[in-house]
Amino acid sequence: MKQRVSTEGTELRLMEFMQSLTLSMDACYLDRDKSDMTPEQNYNATYLLTRLEVAQLVKEFKAIDKRTLRKKQRSFYQYFEPVNKWLEGFPNTLEGEEEELVHFFEGLVKLVSDAHRILHEDTNQQKREWIIKGAEVYYETDEEGEA
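Whatever position you read off the sequence shown (first residue = 1), add 132 for the working numbering.
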């Protein structure tokens with residue numbers, strides 16, 4: 133049975149997701165001198181957090197009655213389906229995988245930017261659909277441009 137959700141609750145969940153990612157990214161840079169972790173461990177922690185958060189979003193989306201979502205919320209969740217598949221293509225850890233780490237962070241910057249535009253009230257639905265199509269192309273293609 134699909135769950136009904138409130139608009140306010142969904143907005144809060146999506147904002148918490150974005151805040152979690154940005155705080156983790158900030159920790160890699162802003163807190164680098166205050167942490168006992170090496171930069172590589174910090175980067176890997178951001179990677180692992182992102183994988184867990186995205187997988188959870190996709191799982192939640194499958195359990196939600198889509199009719200209870202606003203268009204921008206539905207678009208936000210749809211955006212993360214190809215992102216989740218993309219993340220599943222990475223190894224379990226990125227420690228010692230500098231090339232994969234760079235590839236991951238390039239995708240993460242795109243993810244944060246796109247997600248912000250999807251949630252922004254001034255973004256029309258046509259633009260949101262264009263962003264989702266772009267994500268499908270970007271995240272379903274590897275570094276060499278092959279599917």
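All C-beta atoms in this analysis are idealised placements derived from N, C-alpha and C, irrespective of residue type, glycine included.
Beta carbon of residue i, beta carbon of residue j: below 8 Å?
{"i": "residue 258", "j": "residue 203", "result": "no"}
{"i": "residue 264", "j": "residue 188", "result": "no"}
{"i": "residue 207", "j": "residue 260", "result": "yes"}
{"i": "residue 219", "j": "residue 241", "result": "no"}
I need the straight-line Cα distance from residue i to residue j, nearest angstrom please.
{"i": "residue 271", "j": "residue 212", "result": "10 Å"}
{"i": "residue 236", "j": "residue 243", "result": "10 Å"}
{"i": "residue 109", "j": "residue 170", "result": "In the structure as shown, the chain starts at 133 and stops at 279, and residue 109 therefore has no counterpart that could be examined."}
{"i": "residue 238", "j": "residue 179", "result": "12 Å"}
{"i": "residue 227", "j": "residue 181", "result": "14 Å"}
{"i": "residue 176", "j": "residue 151", "result": "18 Å"}
{"i": "residue 278", "j": "residue 230", "result": "Bear in mind that the predicted position of residue 278 carries a pLDDT of just 47, short of 50, making it unreliable; the figure below should be weighed with that in mind. About 21 Å."}
Taking the alpha helix (DSSP H) that residue i falls in, what are its first and last residues?
{"i": "residue 176", "result": "171-195"}
{"i": "residue 251", "result": "230-251"}
{"i": "residue 266", "result": "257-271"}
Taking DSSP as the reference, what is the three-state secondary structure of residue i?
{"i": "residue 207", "result": "helix"}
{"i": "residue 214", "result": "helix"}
Cβ of residue i less than 8 Å from any chain D Cβ?
{"i": "residue 237", "result": "Structure shown: chain D not included; a single protein chain is present."}
Taking contact to mean 3 or more Cβ pairs, one atom from each stretch, closer than 8 Å, check whether the region 138-145 and the region 190-209 are in contact.
Contact between the region 138-145 and the region 190-209 is established, with three or more Cβ pairs separated by less than 8 Å.
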